[in-house]
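Heads up, the thing below is written out as structure tokens.
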């Protein structure tokens with residue numbers, strides 16, 4: 003299955019001033035005074051903006067400055083964001099883009115790609131089978147080890163990959179097993195269960211019901227959930243934890259009680 007997602011880069015270029023506008027600003031009294039009274043030197047200006055005077059008569063082309071957008075860095079603290087901004091700006095100096103040309107395309111980092119990939123993933127709700135399942139009602143029995151196992155589209159592992167330009171990120175979600183709970187029941191479940199079959203040696207997921215479901219309206223609700231730990235790796239070296247996700251469902255199981263009749267005989 004292929005799913006499309008919109009990914010906004012955390013860092014990129016944005017327009018600053020026209021060629022004429024930048025040249026006029028650097029020659030203005032406002033710039034020479036500076037916000038702190040200490041303007042940039044000519045060497046500092048040319049180190050950052052090169053031969054800006056060459057575009058001093060161009061009112062259509064723009065200088066683009068590199069930047070990072072705080073609102074797109076949802077999982078970063080301020081210090082980490084500031085370090086990223088400083089690093090990105092140092093590696094991506096201002097560029098002049100003539101009218102009709104496109105600014106440099108931003109590279110989407112691996113963490114941003116991973117988040118975008120994970121946001122479009124839908125993990126199916128867990129579905130289970132069980133045994134015993136007696137008669138038309140599908141009832142199990144009080145006091146019996148009822149085997150429970152994952153069926154259908156219940157995944158133990160989910161992966162998703164997103165690619166933008168030279169960077170790819172793969173997200174992996176892994177669950178250790180089913181989590182079960184039910185009234186009037188003792189649960190022993192450490193995995194996804196094994197489908198019951200004649201001669202099967204054992205399973206890692208059972209429920210023992212201690213009371214019939216008659217007092218619950220005819221069925222006992224078995225709550226089923228699966229918790230997934232989510233991690234990612236990316237080709238740009240990024241890797242990490244994206245938290246967890248839990249899916250859940252409820253299965254109504256009839257629970258019957260075997261009635262025994264004791265008789266005595268007289269000699």
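Residue numbers (our numbering): 3 to 269. C-beta atoms are modelled at their ideal positions from N, C-alpha and C, and glycine is treated no differently.
Distance CB(residue i)-CB(residue j) smaller than 8 Å
i: residue 148; j: residue 208; result: yes
i: residue 214; j: residue 259; result: yes
i: residue 140; j: residue 176; result: no
i: residue 180; j: residue 152; result: yes
i: residue 96; j: residue 57; result: no
i: residue 273; j: residue 171; result: In this structure the chain extends from 3 to 269, so residue 273 is not present and cannot be described.
i: residue 108; j: residue 13; result: yes
i: residue 210; j: residue 154; result: no
Within-8 Å CB hit, residue i to chain C
i: residue 23; result: Although the question refers to chain C, the structure presented lacks it and comprises just one protein chain.
Between the CA atoms of residue j and residue i - distance to the nearest angstrom
i: residue 2; j: residue 199; result: Nothing about residue 2 can be reported from this structure: the residues present for the chain run from 3 to 269 only.
i: residue 224; j: residue 94; result: 57 Å
i: residue 25; j: residue 91; result: 21 Å
i: residue 212; j: residue 191; result: 16 Å
i: residue 173; j: residue 245; result: 11 Å
i: residue 3; j: residue 162; result: In this predicted model, residue 3 has a pLDDT of only 49, less than 50, meaning its place in the structure is not dependable enough to derive any value.
i: residue 256; j: residue 194; result: 21 Å
i: residue 86; j: residue 125; result: 33 Å
i: residue 81; j: residue 50; result: 24 Å
i: residue 27; j: residue 45; result: 16 Å
i: residue 196; j: residue 150; result: 7 Å
i: residue 143; j: residue 123; result: 38 Å
i: residue 253; j: residue 110; result: 43 Å
i: residue 221; j: residue 72; result: 52 Å
i: residue 64; j: residue 79; result: 32 Å
i: residue 16; j: residue 54; result: 17 Å
i: residue 178; j: residue 202; result: 22 Å
i: residue 130; j: residue 206; result: 14 Å
i: residue 156; j: residue 132; result: 15 Å
i: residue 250; j: residue 160; result: 16 Å
i: residue 188; j: residue 182; result: 10 Å
i: residue 48; j: residue 23; result: 16 Å
i: residue 19; j: residue 62; result: 10 Å
i: residue 218; j: residue 186; result: 10 Å
i: residue 60; j: residue 243; result: 48 Å
Residue i classed as buried or exposed, judged by whether at least 16 other C-beta atoms fall within 10 angstroms
i: residue 204; result: exposed
i: residue 98; result: buried
i: residue 184; result: buried
i: residue 226; result: buried
i: residue 75; result: buried
i: residue 21; result: buried
i: residue 104; result: exposed
i: residue 248; result: exposed
i: residue 228; result: buried
i: residue 136; result: exposed
i: residue 100; result: exposed
i: residue 128; result: buried
*Starting from the N-terminal side, write out each stretch of the alpha helix (DSSP H) that is 4 residues or longer and does not extend beyond the stretch 176 to 226.*
Those alpha helix (DSSP H) runs which fall completely within the stretch 176 to 226 and span 4+ residues do not exist here.
*If you pair each beta-carbon of the stretch 106 to 115 with each one of the stretch 5 to 20, do three or more pairs fall below 8 Å?*
In short, these stretches touch, since the Cβ pair count reaches three.
*Which whole runs of the beta strand (DSSP E) in the stretch 49 to 74 are 3 residues long or more, in chain order?*
Taking 3 residues as the shortest admissible run, the stretch 49 to 74 contains the following complete beta strand (DSSP E) segments, listed from N- to C-terminal end: 64 to 70.
_Just to confirm the assignment: which complete alpha helix (DSSP H) runs, minimum length 4, are found wholly within the stretch 93 to 151?_
Within the stretch 93 to 151, the complete alpha helix (DSSP H) runs of at least 4 residues are 112 to 121.
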